[in-house]
Amino acid sequence: MPRVPEFTEEEIPLPYTRDLLDIKVVGDSKALKIPLYDRMTNPYDHLDNFRYAMEGRSANEATKCHLFPTTLKGPATSWFKRLALEFISSFTELRKVFLER
Numbered sequence: 001m002p003r004v005p006e007f008t009e010e011e012i013p014l015p016y017t018r019d020l021l022d023i024k025v026v027g028d029s030k031a032l033k034i035p036l037y038d039r040m041t042n043p044y045d046h047l048d049n050f051r052y053a054m055e056g057r058s059a060n061e062a063t064k065c066h067l068f069p070t071t072l073k074g075p076a077t078s079w080f081k082r083l084a085l086e087f088i089s090s091f092t093e094l095r096k097v098f099l100e101r
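Reminder that position 19 of the sequence shown reads as 19 in full-length UniProt numbering, one-by-one numbering, no gaps.
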């Protein structure tokens, strides 16, 4: 049986491209105060809530991508963790795959 790699919290692989990871997170990166999404409610509503919460934060693509997984829980978090490495290059792309899942 193949051995599962172990990672520290800082080393957990993310689905973002190197270019996206190299962009400095700017704007307010505090946790958002929106309901967590668990795949049981409407994903469009969740994206609307996310967008409304991000307004006024001066958030760039990296900040949006950094914060989006913190708004997921349960099966939605599991889905995010299964995304291929270096698969997502922008929040627009993350939004697209989120809605296609």
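The beta-carbon is built from N, C-alpha and C at its ideal position, and this holds for glycine as well. Computed from a prediction, not measured in an experiment: that's the story for all the values here.
Practice problem: Just the C-alpha distance for residue 5 and residue 84, rounded to the nearest angstrom, thanks. | Solution: The residue given as residue 5 occupies position 5 in the sequence shown. The residue given as residue 84 occupies position 84 in the sequence shown. With a pLDDT of 48 at residue 5, under the threshold of 50, the predicted position of this residue should be treated as unreliable, and no value is reported.
Quiz prompt | Span of the alpha helix (DSSP H) around residue 97 | solution = Here the question's residue 97 lines up with position 97 in the sequence shown. 91-100 is the span of the alpha helix (DSSP H), which, as asked, contains residue 97.
Exercise. Tell whether a beta-carbon distance below 8 Å holds between residue 59 and residue 32.
Key: Residue mapping note: residue 59 aligns to position 59 of the sequence shown, counting from 1. Residue mapping note: residue 32 aligns to position 32 of the sequence shown, counting from 1. For residue 59 and residue 32, no; Cβs fall outside 8 Å.
Self-check item: Cβ-based burial, residue 1 [other Cβ within 10 Å; buried from 16]
Solution: Counting from one through the sequence shown, the residue named residue 1 turns up at place 1. Since pLDDT at residue 1 reaches only 46, below the 50 mark, its modelled position is unreliable, and the value read off the structure follows with that caveat. Exposed.
Quiz item: If we call anything under 8 Å between Cβ atoms a contact, is residue 76 one with residue 37?
Solution: Stepping through the sequence shown from its first residue, residue 76 is reached at position 76. Stepping through the sequence shown from its first residue, residue 37 is reached at position 37. A contact, by the Cβ cut-off of 8 Å.
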